[in-house]
Amino acid sequence: MMTAKQKKAIKHTLTCWAMGGLPVFGFILFMFLPMLISLWLGFTELHVFELDKAKWVGVENYKNVFADPMFYKAIVNTLYSLISVPISMLFGLLLAVLLNNESLKFRGVFKALFFLPFVCSSVVVTTTFMWLFDVSEFGIINSILKSCGLNTVSFLTTPALIMPIATVMTVWNGTGQYMLIFQAALTNINKEVLEASAIDGANAEKRFFKIILPLISPTAFYLFTTGLIGGLQNFVMFQVLASATSGTLYGPSDACITLVFYLYQSAFTNVYLNGPGFAAAIAWVVAVIIMIATWLNFKLSKKWVNYD
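If you count the sequence shown from 1, position 198 lands on 205 in the numbering used here, and the numbers rise without skipping.
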C-alpha cells in the first residue's frame, strides 16, 4: 500500500509531466516532424502533394535554386525590404520619447492610434495602400495629383516604385509595435539615474545618448533581431501587391518577389515546374540565411548592447 506522501509525489510527478509534456508533444508534432519531412523533401523531386511519389535526386534541387536568377532577385528584394526595420525602430523610438513626456495630455489616445496599424491584418493594410496609390479615379494620391494639374502615376505597375511603396507600408504597419515596447523600456529607466546626471550638469542631449540609449539597448537589440527575422520572411504584402497586376506571377517585372513569396509560388503555383521538393530546398536555404544573419547580429551586439 502506498502512503499518502507517495501518492502525493506520484500525482505531482504526473502533473509535471502533463503540463510540460503537452508543449513538447506539440513541438514534436507540429514543428520538429515537419522540419524533418521538409529536410527530406529538399532532396527529392515531387510535383504532386503525395509523399509516396517523391523521387530521390540528392542535391539537385539546391543546384537548381542557386542556378535560378529569380532566387537572386528574391534575395535583393528581401534585403531591400529590411530597410523598413531600422526606419520603423527610429520612428518608434521617437514616438516613445515624445509619449514618455508625462505632461503630454491624452497619451493613452495617442498610443492607441499609433499602435492601431500594427493590429490590422497585413492584407487589409496592403489593400488600403493599393487603394491610395491606385491609378483610377478612386486612387486618392492620383486624385490629388490631378487636382494640382499634374499627371497621374501608375504606382502599382511601375517596377521601380513597388519596393518603396512596400517599405512605406511596412513602416506604417510596424512602427506602433516598436513605439509601445520602447515606451515600456523608457518607463522602466530609474529616474534617479537621470536626475543625478542632470545635477552633474548633463544636458538633455547627453542624457539621451549617454544614458538612455545604452539603458534601452537590450530592448533595441531584441526589436532589431525579431524585426530582422520577420523581415527575411516578408511575404503577404508582396503577394497582395503582385495581385494588383493580373497575369503576372511576381508583379510587374517580378518586382514583388521575395524569398518566401518565391518559395510559396514554387510550392503551390509552379507545382508542375518546381514543386514541393524544390520549395523545401528554398525553405532550408532561407532558414540558413536567417540563422547566419541572427548569428552575425548576436556577434555584433557585443559592440553596442549594454547589459549593465
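Idealized CB from N, CA, C, for every residue including glycine. Note that the coordinates shown come from a computational prediction; the quantities given were computed from them, not determined experimentally.
Going by CA-CA distance only, name the one from 275, 170, 300, 185 that's closest to residue 248. As a working mapping, residue 248 is identified with position 241 in the sequence shown. Selected option, being the one with the closest Cα: 170.
Which two residues bound the contiguous alpha helix (DSSP H) that contains residue 159? The residue labelled residue 159 in the question sits at position 152 within the sequence shown. First-last for residue 159: undefined, no H or E at that position.
Is the region 280 to 294 touching the region 67 to 79, taking contact as three or more C-beta pairs under 8 Å? yes
Helix, strand or coil at residue 112 according to DSSP, with G and I counted as helix: Counting from one through the sequence shown, the residue named residue 112 turns up at place 105. Reduced to three states, the DSSP call for residue 112 is coil.
I'd like to know if the region 230 to 246 and the region 264 to 283 are in contact, where contact means that at least 3 CB-CB pairs between them fall below 8 Å. yes
Would you call residue 110 buried or exposed, if buried means 16 or more other Cβ atoms sit within 10 Å of its Cβ? Numbered from 1 along the sequence shown, position 103 holds the residue referred to as residue 110. Residue 110 comes out exposed.
Use the C-beta contact count for residue 283: other C-beta atoms within 10 angstroms, 16 or more gives buried, fewer gives exposed. Numbered from its first residue, the sequence shown carries residue 283 at position 276. Buried is the call here.
The region 97 to 109 / the region 166 to 186 touching (three or more Cβ pairs under 8 Å): yes
Okay, do the region 85 to 94 and the region 227 to 243 touch, 3+ Cβ pairs below 8 Å being the bar? yes
How should residue 10 be labelled, buried or exposed, when 16 other C-beta atoms within 10 angstroms of its C-beta is the threshold for buried? Within the sequence shown, residue 10 is the residue found at index 3, counting from 1. By the neighbour-count rule (16 or more Cβ atoms within 10 Å), residue 10 is not buried but exposed.
Threshold first: 4 residues or longer. Then list the alpha helix (DSSP H) segments lying entirely within the region 172 to 246, N to C. 198 to 206, 220 to 238
Using alpha carbons as the reference points, say which of 141, 176, 188, 199 lies closest to residue 165. Looking up residue 165 in the sequence shown gives position 158. Out of 141, 176, 188, 199, 141 has the C-alpha closest to the C-alpha of residue 165.
Measuring only the C-alpha atoms, how far is residue 76 from residue 261? As a working note, residue 76 is residue 69 in the sequence shown. As a working note, residue 261 is residue 254 in the sequence shown. When rounded, the distance between both Cα atoms is 11 Å.
Helix, strand or coil for residue 310? Go by DSSP, reduced to three states. Along the sequence shown, read from residue 1 onward, the residue named residue 310 stands at position 303. In this structure, residue 310 counts as coil in the three-state DSSP scheme.
Note the first and the last residue of the continuous alpha helix (DSSP H) segment covering residue 42. Position 35 of the sequence shown, counting from 1, holds the residue named residue 42. 40 to 48 is the extent of the alpha helix (DSSP H) around residue 42.
Does residue 156 get closer than 8 Å to chain C when you measure Cβ to Cβ? You won't find chain C in this structure, because it holds only one protein chain.
Of the residues 297, 305, 273, which one's Cα is nearest the Cα of residue 52? In the sequence shown, the residue the question calls residue 52 occupies position 45. When each option's Cα is compared against that of residue 52, the closest is 273.
DSSP on residue 67, reduced to helix/strand/coil? Indexing the sequence shown from 1 puts residue 67 at position 60. The answer is helix: DSSP assigns residue 67 an H, G or I state.
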